[in-house]
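Residue numbers (the numbering used here): 177 to 271. We put the CB at the ideal spot given by N, CA and C, even for glycine.
In structure tokens, the structure reads:
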């Protein structure tokens, strides 16, 4: 089911609900991600870095999506291509 998330706190609550429904303890999830229980608690409160939250979301099977306005799709594609091109450069050519 899709849920509209309007704050980091709501994202953390969604993560907590899915984790609890899956009968996974906070300790186990923290160990799996490789962070402390304190960091895991911060994630569930919406008080962690996005990259850390994304790792937790992935582990519990939550997919994050963003509604991008149609007018922004072409610029987004150009940015993604430029990023991919930059990542594919040999080490001596990268900036």
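Ranked by Cα distance from residue 218, the first of 187, 258 and 250 is 187. Contact check for residue 205 against residue 235 passes: the beta carbons are separated by less than 8 Å. Under the three-state reduction of DSSP output, residue 229 falls in the helix class. A distance below 8 Å between beta-carbons, with the five flanking residues on each side excluded, links residue 194 to the following residues of its chain, in chain order: 236, 237 and 238.
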